[in-house]
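Protein chains in written order, with our numbering: chain A, 367 to 580; chain B, 367 to 580.
Cβ coordinates follow ideal geometry from the N, Cα and C atoms, glycine included.
These numbers come from a predicted model, not from an experiment.
For reference, the structure is listed below as structure tokens.
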């Protein structure tokens with residue numbers, strides 16, 4: 367794509383994400399997105415043929431940004447359980463004001479099929495969590511009798527359940543504390559007694575950087 | 367309302383629930399609902415002035431049925447933790463084929479504001495779970511240091527996270543086993559060591575009645 371075409375496409379995505387995040391899929395209209403993005407109707411339709419297609423592109427871009435933000439939490443030397451704790455906070459960060467990421471979360475639910483333009487997004491997240499859980503078993507942080515597929519999926523379920531309930535009850539600011547509570551309750555079922563304190567404190571320390579000043 | 371008007375309203379709700387559950391909010395059209403419900407266009411518009419209003423009435427009716435199904439799991443003599451375990455399976459029952467309940471779950475997400483015609487549905491569920499958690503502390507099943515508001519909310523988050531991920535990855539049939547896994551991991555963080563086995567087994571026994579024959 368030409369540089370200018372790429373810039374136009376990006377401008378449309380950003381304006382669309384803002385509108386979808388504010389109004390939701392049903393209420394955000396293409397006409398409004400056109401007037402707010404400063405692009406012409408022709409330019410928008412050159413890149414996206416429908417609201418559905420545009421929304422799916424927003425999901426793809428939002429998820430790519432979320433993946434990048436999660437990757438910054440760890441490298442190959444980070445113990446996997448510390449990485450799992452780190453990315454759990456990224457997934458629920460209430461100070462996140464990137465409309466592309468926020469719209470992706472909202473659209474995944476509202477479009478009802480949990481896809482961007484391609485695969486089911488949750489399949490990929492599940493695999494990532496399960497791979498990290500398997501490494502946490504190998505590293506001796508999760509107990510040896512932990513089923514990594516079950517544990518990985520459960521942690522993802524917890525993350526999205528926490529997010530869903532906070533969105534529904536308009537309590538997004540409380541998300542980091544709730545994630546810490548969730549870890550406190552989860553850890554005794556997944557790690558040896560001797561390590562519960564360390565990882566509970568690790569989660570509580572991570573919490574501090576996500577607290578929104580009141 | 368006259369008997370016949372009530373019957374018409376109910377016929378519209380049932381047809382609408384089937385359509386919303388099958389196609390989702392965006393794709394289900396009023397015209398289709400009219401032809402499938404066997405009521406006239408005039409009758410539908412007499413009771414519901416818009417798709418939005420009709421969908422909210424489906425949420426109300428679906429949630430009322432879900433509440434009734436949950437209430438059957440316990441009475442005032444049932445220990446609260448046993449009641450919490452019982453209703454967690456009702457919430458994720460894969461053999462549930464009541465379109466009104468299923469459409470309510472779907473519409474709550476897709477409409478984005480988590481309301482029926484009135485209050486935020488999740489506020490009421492949160493209160494119920496928190497009240498049961500408080501009683502579980504009083505009854506000595508949850509540890510004395512358990513914060514019932516946190517524990518109640520966490521159990522609801524787990525229930526909806528489990529459901530959300532299963533819908534997203536088209537694995538609804540696996541929900542009861544996943545709920546049992548969740549209880550197994552949760553219980554050591556919430557109940558005394560001496561009781562973990564009893565309640566894990568209680569959850570596993572409840573599981574058996576929700577398994578879908580394969």
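Nearest-angstrom Cα separation, counted from residue j out to residue i
i	j	result
residue 560(B)	residue 566(B)	11 Å
residue 483(A)	residue 467(A)	15 Å
residue 576(B)	residue 448(B)	16 Å
residue 391(B)	residue 430(B)	20 Å
residue 465(A)	residue 384(A)	5 Å
residue 574(A)	residue 444(A)	20 Å
residue 433(A)	residue 498(A)	14 Å
residue 512(A)	residue 369(B)	57 Å
residue 551(A)	residue 458(B)	21 Å
residue 469(B)	residue 428(B)	7 Å
residue 541(B)	residue 371(B)	38 Å
residue 477(B)	residue 421(B)	9 Å
residue 419(B)	residue 460(A)	31 Å
residue 333(B)	residue 555(A)	Residue 333(B) is absent from the model: chain B starts at 367 and stops at 580.
residue 485(B)	residue 412(A)	42 Å
residue 502(B)	residue 562(A)	24 Å
residue 539(A)	residue 405(B)	46 Å
residue 396(A)	residue 417(A)	6 Å
residue 507(B)	residue 571(B)	18 Å
residue 500(B)	residue 544(A)	18 Å
residue 423(B)	residue 367(B)	16 Å
residue 514(B)	residue 514(A)	29 Å
Residues near residue i by beta carbon distance below 6 Å, same chain, minus five either side
i	result
residue 388(A)	none
residue 569(B)	451, 546, 549
residue 409(B)	374
residue 453(B)	436, 439
Residues near residue i in its chain [Cβ-Cβ closer than 8 Å; skip 5 each side]
i	result
residue 403(A)	377, 378, 380, 381, 382, 410
Residues of its chain near residue i, where Cβ-Cβ distance is below 7 Å and the 5 sequence neighbours each way are ignored
i	result
residue 474(A)	425, 480, 487
residue 505(A)	445, 446
residue 584(A)	Coverage of chain A is limited to positions 367 through 580, which leaves residue 584(A) absent and any answer about it impossible.
residue 456(B)	435, 436, 439
residue 553(B)	562, 565, 566
residue 462(A)	468
residue 398(A)	385
Cβ distance (whole Å) where residue i is taken to contact residue j below 8 Å
i	j	result
residue 472(B)	residue 386(B)	6 Å
residue 509(B)	residue 558(B)	6 Å
residue 535(B)	residue 536(A)	Actually they are not in contact, since the Cβ atoms of residue 535(B) and residue 536(A) sit about 27 Å apart, beyond 8 Å.
One or two residues paired with residue i in a DSSP bridge
i	result
residue 654(A)	One cannot answer for residue 654(A) here, as it falls past the ends of chain A, which runs 367 to 580.
Sufficient close CB pairs (3 or more, under 8 Å) joining the stretch 512-528 of chain A to the stretch 476-495 of chain A: The stretch 512-528 of chain A, when compared against the stretch 476-495 of chain A, does touch it at the 8 Å Cβ threshold.
Cβ pair count under 8 Å reaching 3, the stretch 526-537 of chain A against the stretch 523-541 of chain B: Flag = yes, the stretch 526-537 of chain A and the stretch 523-541 of chain B touch.
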